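Numbering (the numbering used here), first residue to last: 15 to 304.
Yeah, the Cβ is synthetic: ideal placement off N, Cα and C, and Gly gets one too.
This one's a predicted model, so the numbers in the text were calculated from it and none came from an experiment.
First up is the structure itself, then whatever we jot down about it.
Structure representation (structure tokens):
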């Protein structure tokens, strides 16, 4: 058929060609839109579940791994963990914004550090002003770097940190076995937690330092069976303005120098410490202050 010759349906062959091109381009545009729709943007709440068959760190519905989820969450959002063991294989997670990291229970959502490494399982930067960690377990991290290295579990730099229903097991470092906080003017809250089997140079369980305007609040928590090479087998608190310990079980901790259970002292600030309805027993230290 010659160009511009009428077809039996009354349309030219050129018109048919143009219609085909339009359909082809429409299909291409639609396909591009479908691909674009799979790109994950920031969200207020995301789920991490490596057990889900459709998990993807690209699409994120749900995510397979924790770090990509942290990087996609809006500041102040919630990263939820499914019922799984998250093996880090010696790597570290960085929290660089305010958020909540919430598991499905300390016995159900477990972050396993995978052995020795030179960083903590969770590193919380100074950019993260308000962080909440809840309903999960951290275990198995031996942090290298000597007596001045931070904790094996959580390394916290200023800001506000709330730990709720978290289990810390077999974590070691230089400053704090489970948790080390360079508090400054922030607030550290530890509630309904278990901290056991920690080992460090100071603060076998928890080490908090440099808090001239900061506060530490520990409630309904067991800090048991930890060891410090030097001081503070369970808790080591240095230059923190306000300390409140309520319904705390601080037992069977040990150290080599001072404070088998607790070592709290101030060199540069006025410190206020209150202990209420707590059990402090069976702690040991080679030199003084069991």
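When beta bridges are read from the DSSP output, residue 224 appears opposite no residue. Distance from residue 289 to residue 259 at the Cβ level is roughly 5 Å; contact confirmed, criterion being Cβ atoms closer than 8 Å. Note that the C-beta distance between residue 189 and residue 219 is not below 8 Å.
Residue pairing from DSSP places residue 241 in a beta bridge opposite 213, 268. Taking a contact to require three or more Cβ pairs closer than 8 Å, the region 196-206 and the region 172-188 qualify as touching. Take residue 143, set aside five residues on each side of it, and the residues of its chain with a beta-carbon closer than 6 Å to its own are 112, 173, in chain order. Shown here for residue 194: same chain residues with a beta carbon closer than 6 Å to its own, the five before and five after excluded, namely 164, 165, 169, 221 in chain order. If you draw a straight line from the Cα of residue 92 to the Cα of residue 138, it comes to about 15 Å.
Restricting attention to beta strand (DSSP E) runs no shorter than 3 residues, the region 90-174 encloses them at 98-101, 107-109, 113-116, 123-131, 136-138, 144-157, 168-171, ordered along the chain. Taking a C-beta distance under 8 Å as the contact criterion, residue 102 and residue 119 do not qualify as a contact pair.
If you draw a 10 Å sphere on the C-beta of residue 132, you find fewer than 16 other C-beta atoms in it, and that means exposed. Of 158, 235, 246, the smallest CA-CA separation from residue 134 is found for 158. Taking the Cα of residue 279 as reference, the smallest distance to any Cα among 297, 292, 225, 262 is reached at 225. At a Cβ-Cβ threshold of 8 Å, residue 299 and residue 272 count as neighbours. Less than 8 Å divides the Cβ of residue 217 from the Cβ of residue 191. Note that the C-beta distance between residue 210 and residue 180 is not below 8 Å. In the three-state reduction of the DSSP assignment, residue 291 falls in the coil class.
Residue 153 is classed as buried because its beta carbon has at least 16 other beta carbons within 10 Å across all chains shown. Boundaries of the alpha helix (DSSP H) around residue 81: 80-86.
Spatial neighbours of residue 114 in its own chain (CB-CB distance under 6 Å, excluding positions within 5 residues in sequence) are listed in chain order as 92, 146. If you draw a straight line from the Cα of residue 86 to the Cα of residue 61, it is about 11 Å long. Your pair residue 150 and residue 167 does not check out as a contact, with CB atoms roughly 11 Å apart and the cut at 8 Å. Boundaries cannot be given for residue 300, as no beta strand (DSSP E) includes it and DSSP labels it neither H nor E. One thing to note: residue 76 has its Cβ no nearer than 8 Å to the Cβ of residue 88. In this structure residue 196 is buried. Its beta-carbon is surrounded by 16 or more other beta-carbon atoms within 10 angstroms.
In this model, residue 160 and residue 187 are separated by some 8 Å (Cα to Cα).
DSSP places residue 249 in the strand class (E or B) of the three-state scheme.
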